[in-house]
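Counting in the working numbering, the final residue of the sequence shown is number 328, and the numbers go up one at a time with none missing. Cβ coordinates follow ideal geometry from the N, Cα and C atoms, glycine included. Below: the structure, in C-alpha cells.
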Amino acid sequence: MDDICLVHQAFSCLDWDDIDTSYNMFGKNISMPLVINAMTGGSDQLTAINRGLAKAAKAAGVAMAVGSQSLGLKEQASQKSFMVTREENPDGVIIANVSAISPVEDVVRAVDMINADAVQLHLNLPQELSMEEGDRNFSNLCRRVTETVNTIGVPVIVKEVGFGISKETAMKLAQTGVYWLDLGGKGGTNFAAIEAKRFAQGMGNVFVDWGITTVCSLLEVKSTNIPYKIFASGGIRSGLDIAKALVLGADAVGVAGPFLKALLNGTYQTVIEQIMKYENELKTAMLLTGSASLEQLAEKPWVISGNSREWCRGRGVELSCLRSQKV
Ligand SMILES: Cc1cc2nc3c(=O)[nH]c(=O)nc-3n(C[C@H](O)[C@H](O)[C@H](O)COP(=O)(O)O)c2cc1C
Numbered sequence: 002m003d004d005i006c007l008v009h010q011a012f013s014c015l016d017w018d019d020i021d022t023s024y025n026m027f028g029k030n031i032s033m034p035l036v037i038n039a040m041t042g043g044s045d046q047l048t049a050i051n052r053g054l055a056k057a058a059k060a061a062g063v064a065m066a067v068g069s070q071s072l073g074l075k076e077q078a079s080q081k082s083f084m085v086t087r088e089e090n091p092d093g094v095i096i097a098n099v100s101a102i103s104p105v106e107d108v109v110r111a112v113d114m115i116n117a118d119a120v121q122l123h124l125n126l127p128q129e130l131s132m133e134e135g136d137r138n139f140s141n142l143c144r145r146v147t148e149t150v151n152t153i154g155v156p157v158i159v160k161e162v163g164f165g166i167s168k169e170t171a172m173k174l175a176q177t178g179v180y181w182l183d184l185g186g187k188g189g190t191n192f193a194a195i196e197a198k199r200f201a202q203g204m205g206n207v208f209v210d211w212g213i214t215t216v217c218s219l220l221e222v223k224s225t226n227i228p229y230k231i232f233a234s235g236g237i238r239s240g241l242d243i244a245k246a247l248v249l250g251a252d253a254v255g256v257a258g259p260f261l262k263a264l265l266n267g268t269y270q271t272v273i274e275q276i277m278k279y280e281n282e283l284k285t286a287m288l289l290t291g292s293a294s295l296e297q298l299a300e301k302p303w304v305i306s307g308n309s310r311e312w313c314r315g316r317g318v319e320l321s322c323l324r325s326q327k328v
C-alpha cells in the first residue's frame with residue numbers, strides 16, 4: 002500500500018459530519034465497507050475468540066467472517082464455536098467459510114450452521130503444500146466451485162488467504178460464475194512463513210516471498226474488466242489503506258491478523274477501538290481527497306510508484322491513474 006499515494010486536495014469544502022462511510026453489504030447496512038476476516042473456530046478456547054470478535058463486529062457495525070468450518074462439519078461439538086457469532090450478532094452480516102474444494106452439501110451445512118449472509122470459499126494452495134498434513138489433490142476445485150456457485154442460495158466469495166489472485170486466475174474463476182472475490186494478497190499475514198516455522202522438515206523459507214501483493218492483485222483483477230465485486234485484503238493496516246484500496250477499485254476490505262492481536266492483547270473493546278481508529282482514518286482520507294461518500298472516493302486520482310508500478314508494467318496491466326480523472 003506504500004506504493005500508492007492519494008492526491009491531497011487543499012480546497013476540500015466538506016463538513017466532517019457529512020462524510021458518509023456507510024455501505025450496504027449483502028442487503029444489510031454497515032458502518033463502513035469492512036469485514037473482520039476469517040480466522041478461527043473449532044474449540045472451546047476459540048469459542049471465546051469468536052464471541053469477542055462478533056461482539057466487536059456488532060458494536061462497531063461491521064461484517065465478520067468465521068474461520069474455516071471444516072471441524073464444525075466433522076464434529077457436532079465444534080459447531081458452538083461458530084454459532085456463537087450469530088448468537089452475539091443476530092442481525093449483522095456474518096459470512097461462512099469453507100475450503101473451495103468442499104462438496105456443495107458441506108457448503109450448505111456451513112451456511113445453515115450460522116445462518117450466513119454469504120460464504121467464503123478459501124483457496125490456500127501454498128499453505129496446504131507447506132503443511133505435512135495438507136491436501137495435495139486440487140483436481141476437483143473448478144467443478145466444486147462451479148457446483149457451489151450454481152446451487153447455493155447466498156452470495157459466494159472466492160477467497161485467497163495471503164497469496165493474491167492474478168488476472169489469469171480471475172479469468173478462469175469467471176467461468177465458474179462467481180461474482181465476489183476476496184483477493185487475500187501478499188503483504189500481511191504470511192502462511193508460508195507461519196508453516197515454515199511450524200513444520201521444520203518442510204519447505205523452509207523458500208516460498209516465504211511467494212504471491213502477489215494486494216495492490217498488484219487488485220490492479221490485475223480490475224484490468225480484466227470482469228465486473229467482479231472485490232474485497233481487498235492482506236496487509237490492510239489503517240483507514241488510509243482502506244481508502245487506497247477503495248480508490249483502486251475495491252468494493253470493501255478485509256482485515257484479519259490485527260483484530261486477533263487486539264483481542265488477545267486486550268478485550269473485545271480493544272477490537273472496537275481499533276475499528277473506530279480505522280473509521281476515523283478513512284474519514285480523514287475522505288475529507289482530504291474531497292470525498293463526501295464512498296462513490297466520490299472511488300473516483301479520486303492516485304499515483305503508483307515502486308515495485309507495484311514495475312510489476313504492473315511487467316504484467317501489461319493498464320494503470321487507470323495515468324488517464325485523466327475527476328477531482
Ligand atoms: C490466525 C488466522 C487464521 C486464519 N484462518 C483462516 C481460515 O480459516 N480461513 C480463511 O479463509 N482465511 C483464514 N485466515 C486468513 C485471513 O482471513 C486473511 O485472508 C489473511 O490473514 C490476510 O489478512 P491480514 O493480513 O489482515 O491478516 C486466517 C488468518 C489468521 C491470522
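Here the alpha carbon of A194 sits roughly 44 Å from the alpha carbon of L15.
Taking 8 Å as the cut-off, the Cβ atoms of K160 and G188 do not count as close. CA-to-CA, the gap between D113 and P156 works out to about 13 Å.
Going by DSSP, S100 is part of the beta strand (DSSP E) stretching over 95-100.
Listed in chain order, the alpha helix (DSSP H) elements of length 4 or more contained wholly in the stretch 70-96 are 71-75, 81-89. The alpha-carbon separation between Y24 and G62 amounts to approximately 10 Å. With 16 or more other Cβ atoms inside 10 Å of its own Cβ, R145 counts as buried.
By the Cβ rule, the stretch 257-271 does not count as touching the stretch 208-228, because fewer than three pairs are nearer than 8 Å. Counting other Cβ atoms within 10 Å of its Cβ, H9 stays below 16 and is therefore classed as exposed.
When G154, S71, I166 are compared, the shortest CA-CA separation from T41 is found for S71.
The stretch 211-282 contains, as complete alpha helix (DSSP H) runs of 4+ residues, the segments 215-224, 240-249, 258-266 (chain order). DSSP places C14 in the coil class of the three-state scheme, outside both helix and strand. By alpha-carbon distance to P302, the top candidate from G203, K245, V108 is K245.
Between Q80 and the set N116, V105, K59, A60, the nearest pair of CA atoms involves N116. A buried status is given to S103, since no fewer than 16 other beta-carbon atoms sit within 10 Å of its beta-carbon. Of the candidates E134, Q270, G240, L298, the residue whose Cα lies closest to the Cα of M2 is G240. In this structure, the beta-carbon distance from F200 to S100 does not fall below 8 Å. Counting along the chain, E161 sits inside no alpha helix (DSSP H); it lies in the beta strand (DSSP E) bounded by residues 157-161.
Listed in chain order, the non-local C-beta contacts of E148 below 6 Å within the same chain comprise V105, local neighbours out to five positions each way being set aside. With 16 or more other CB atoms across the displayed protein chains lying within 10 angstroms of its CB, T86 is buried. Setting aside the 5 residues that flank it on each side, M287 is surrounded in the same chain by I20, L298, each with a C-beta closer than 6 Å to its C-beta; the list follows chain order.
Rounded to whole angstroms, the separation of the alpha carbons of K198 and E88 is 36 Å.
Remark: the C-beta of L54 is outside contact range of ligand 1, defined as less than 7 Å to any heavy atom.
When the beta-carbon positions are compared, C217 and T177 stay at least 8 Å from each other. For D107, the three-state secondary structure derived from DSSP is helix. Scanning its chain for C-beta atoms nearer than 7 Å, with the 5 sequence neighbours on each side dropped, one finds around R316 the residues E221, in chain order. Going by C-alpha positions, T48 is about 18 Å away from G93. A straight-line Cα-Cα distance of about 23 Å links N191 and D252. Cβ contact annotation for N308 (same chain, cutoff 6 Å, sequence separation greater than five): none. The Cβ atoms of I166 and W181 lie no closer than 8 Å to each other.
For V318, there is no enclosing alpha helix (DSSP H), as DSSP marks it with neither H nor E.
Shown here, I166 sits in coil according to DSSP, grouped into three states, outside any helix or strand.
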